[in-house]
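**Q**
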Amino acid sequence: MSERKSEIEKFNGSNNFVLWSIKMQALLTTQGLAKALDGEDELPIIVKAFERVKLMEKAKSIILLNLTDEVLIEVAEEKDATAL
Numbered sequence: 147m148s149e150r151k152s153e154i155e156k157f158n159g160s161n162n163f164v165l166w167s168i169k170m171q172a173l174l175t176t177q178g179l180a181k182a183l184d185g186e187d188e189l190p191i192i193v194k195a196f197e198r199v200k201l202m203e204k205a206k207s208i209i210l211l212n213l214t215d216e217v218l219i220e221v222a223e224e225k226d227a228t229a230l
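The working numbering applies: residue 147 is where the sequence shown begins, and numbers increase by one.
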């Protein structure tokens with residue numbers, strides 16, 4: 147199955163956050179990363195620690211890449227996808 151690249155408008159602080167977050171959740175779901183939004187502690191025990199960390203890092207990266215520079219600078223210190 148080929149991976150389809152989906153793009154959404156970057157969140158800039160003035161566009162609709164609710165719509166952006168719905169689209170972001172859909173994007174993470176298509177990439178198998180939506181569980182990261184529940185937090186690392188909520189991931190199933192059967193998911194190995196390394197895989198949990200990898201999933202959380204990928205989800206955080208996707209979210210960060212979908213923020214404008216102005217918003218990114220405000221949240222860059224957040225530790226995980228859930229906090230973002």
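For every residue, glycine included, the Cβ atom is placed at its ideal position computed from N, Cα and C.
Between Leu-232 and Leu-173, how many whole angstroms is the CB-CB distance? I'm expecting something under 8 Å.
**A** In the structure as shown, the chain begins at 147 and stops at 230. Residue 232 is therefore absent and cannot be evaluated.
**Q** Where do the N-terminal and C-terminal ends of the alpha helix (DSSP H) with Glu-224 fall, by residue?
**A** Taken as a continuous stretch (DSSP letters only), Glu-224 belongs to no alpha helix (DSSP H), as it is neither H nor E.
**Q** Let me check one thing: in DSSP terms, what residues is Phe-157 bridge-paired to?
**A** For Phe-157, which the question treats as bridged, DSSP gives the partners Leu-213.
**Q** Any idea what DSSP makes of Lys-204, helix, strand or coil?
**A** The answer is helix: DSSP assigns Lys-204 an H, G or I state.
**Q** Could you give the first and the last residue of the continuous alpha helix (DSSP H) run that contains Thr-175?
**A** It spans 163–176 - the alpha helix (DSSP H) in which Thr-175 sits, taken as one unbroken run.
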